[in-house]
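Residue numbers (the numbering used here): 12 to 189.
Structure follows, in structure tokens:
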């Protein structure tokens with residue numbers, strides 16, 4: 012556990028169990044204390060789940076509310092269907108690691124949109140809106156995400172909650188900056 016996170020938790024009165032505390036639970040508790048209850052970026056627009064097929068474009072940065080939380084969203088790059096891959100289903104590239112392993116075994120994954128959206132309860136999906144967006148930039152983002160998946164799947168030890176997470180990965184694929 013990061014000492015800074017433990018200090019923030021202590022200052023805000025969020026109960027922690029020392030070095031074994033779940034950093035995500037601490038962050039969520041700290042945000043609740045500060046009155047932050049929805050981290051959906053202002054530049055994101057919600058997408059009706061029933062309209063996914065017509066609303067998402069290859070290269071879009073998408074985010075979904077994660078299991079049991081109104082505060083955390085998981086980000087990925089929508090790449091759409093690829094002939095001969097996963098039966099032609101819509102695909103997403105994301106940067107993900109298990110919380111059980113402290114996310115230190117994070118990987119760049121290629122999976123179906125259905126798998127990306129598989130969170131308990133009713134999923135909430137959104138698309139980031141970029142001012143300088145063009146079809147060419149979206150296609151570049153999709154190709155970049157697919158290339159990173161192909162060439163750099165295993166990112167063990169690279170994950171960091173505040174500096175190298177799924178949001179940073181997807182934003183970098185879209186903008187080449189963080």
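The C-beta atom is built at its ideal place from N, Cα and C for all residues, glycine as well. Computed from a prediction, not measured in an experiment: that's the story for all the values here.
State the Cα-Cα distance for the pair residue 141 and residue 54, rounded to the nearest angstrom.
The straight-line gap from Cα to Cα measures roughly 7 Å.
For residue 107, which residues in the same chain have their Cβ closer than 6 Å to its Cβ, ignoring the five residues on either side in sequence?
In the same chain as residue 107, and ignoring 5 residues on each side of it, the C-beta atoms closer than 6 Å to its own belong to 120, in chain order.
So, helix, strand or coil for residue 141, using DSSP?
For residue 141, the three-state secondary structure derived from DSSP is coil.
Extent of the continuous alpha helix (DSSP H) run through residue 146
Per DSSP, residue 146 belongs to the alpha helix (DSSP H) from 146-162.
Would you kindly report the start and end of the unbroken alpha helix (DSSP H) that includes residue 102?
In the DSSP assignment, residue 102 falls outside any alpha helix (DSSP H) and lies within the beta strand (DSSP E) extending over 101-107.
In whole angstroms, what separates the C-alpha of residue 154 from that of residue 118?
Roughly 17 Å between the two C-alpha positions.
So, is residue 187 buried or exposed, given that buried needs 16 or more other C-beta atoms within 10 angstroms?
Counting Cβ neighbours within 10 Å, residue 187 comes out exposed, since fewer than 16 surround it.
N-terminal and C-terminal residue of the alpha helix (DSSP H) that residue 181 is part of
Per DSSP, the unbroken alpha helix (DSSP H) holding residue 181 starts and ends at 177-186.
State the start and end residues of the unbroken alpha helix (DSSP H) segment that holds residue 64.
Residue range 63-66 is occupied by the alpha helix (DSSP H) that includes residue 64.
Just the Cα atoms here: how many angstroms apart are residue 12 and residue 65?
The predicted position of residue 12 is uncertain, since its pLDDT is 45 and thus under 50; a value taken from the coordinates is nonetheless stated next. Cα to Cα, residue 12 sits roughly 42 Å from residue 65.
According to DSSP, is residue 98 helix, strand or coil?
In the three-state reduction of the DSSP assignment, residue 98 falls in the helix class.
Determine, using beta carbons only, whether residue 156 and residue 104 come nearer to each other than 7 Å.
Cβ distance < 7 Å, so residue 156 and residue 104 count as in contact.
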